[in-house]
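Numbering (the numbering used here), first residue to last: -6 to 80.
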C-alpha cells in the first residue's frame, strides 16, 4: 500500500474536518496547508483594511476578534497519513 497524505482542517483548532485533498507527498500536503493559511490571512487583511476605513460600519477595533474567527485565522491544516487502495 502506497502512503498518501490527507489534508484535514482543524476548525477553531479543535474540530477536525477532512477534505477531499489527498497528496502524493507530505511536502505537497504542507504546501496546500500554507496556501490555505495564506488565503485566510489575505481575507482577514482585506477585512482589516476595509474596517479601518469604515469604523462606524465595521465596529472596528472591537469586531477584530470576531473577524479573526470568521475568516478562519483560528483554523489550521493537519496532514495525516492516508493509505491508497491496492490496485
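We treat Cβ as the ideally placed atom computed from N, Cα and C, and that holds for glycine. Note that the structure is a prediction, hence the values are computed from the model and not measured.
Discussion item. For the pair the segment 27 to 36 and the segment 59 to 67, tell me if three or more CB-CB distances fall below 8 Å.
Written reply: yes
Worksheet item: Using DSSP with H/G/I as helix, E/B as strand and the rest coil, what is residue 5?
Response: Taking the first residue of the chain shown as 1, we reach residue 5 at position 12. Residue state, collapsed to three classes: coil.
Worksheet item: How would you write the range of the beta strand (DSSP E) that residue 143 sits in, first residue to last?
Response: Because the chain is modelled from -6 through 80, residue 143 falls outside the range shown and cannot be assessed.
Practice prompt. Quick one: residues in its chain with C-beta nearer than 6 Å to the C-beta of residue 19, no 5 flanking neighbours on either side, listed in chain order?
Written response: Residue numbering aside, residue 19 sits at position 26 when the chain shown is read from its first letter. Counting only Cβ-Cβ distances below 6 Å, and skipping sequence neighbours, we find -2 and 72.
Worksheet item: Alpha carbon to alpha carbon, how far is residue 23 from residue 13?
Response: The count along the chain shown starts at 1 and reaches residue 23 at position 30. The count along the chain shown starts at 1 and reaches residue 13 at position 20. Using only the alpha carbons, I get a separation of about 15 Å.
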